[in-house]
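Some notes on the structure that comes next.
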Amino acid sequence: MGKDPASTPYEYSSYLEEKYQNLKEEINDLTDIFVESAYSNHSLGRNAVKAAKSIWKILKKKI
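Residue numbers are given in this note's numbering: position 18 of the sequence shown equals residue 38, and the series is strictly consecutive.
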């Protein structure tokens, strides 16, 4: 399940969504939060951080 260093977050997200079809929404949401965090010029809001942590817990249990 390693990420190709040349793939974008959304390309990797698509790969994961295909592999874990029952988790598409969670994968997509976490990817959106990651992209905002990595590529925007502002810090994530408290709600986004909370959502990311919650989604990550779900993914860790199901993958």
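Cβ atoms here follow ideal geometry from the backbone N, Cα and C, with glycine treated the same way.
Straight-line Cα distance separating residue j from residue i
i: Ala58; j: Lys73; result: 16 Å
i: Glu31; j: Lys77; result: 22 Å
i: Lys23; j: Asn48; result: 16 Å
i: Gln41; j: Ser60; result: 28 Å
Beta-carbon spacing of residue i, residue j below 8 Å
i: Ile53; j: Ala68; result: yes
i: Val55; j: Pro29; result: yes
Residue range of the unbroken alpha helix (DSSP H) whose run includes residue i
i: Ser57; result: 44-59
i: Ser74; result: 66-82
For residue i, the three-state DSSP class (helix, strand or coil)
i: Tyr40; result: coil
i: Ser27; result: coil
i: Ser63; result: coil
Presumed contact (8 Å Cβ cut-off) between residue i and residue j, rounded CB distance
i: Ser63; j: Thr51; result: About 18 Å separates the two Cβ atoms, so there is no contact after all.
i: Ile75; j: Glu37; result: Not a contact, Cβ separation roughly 13 Å.
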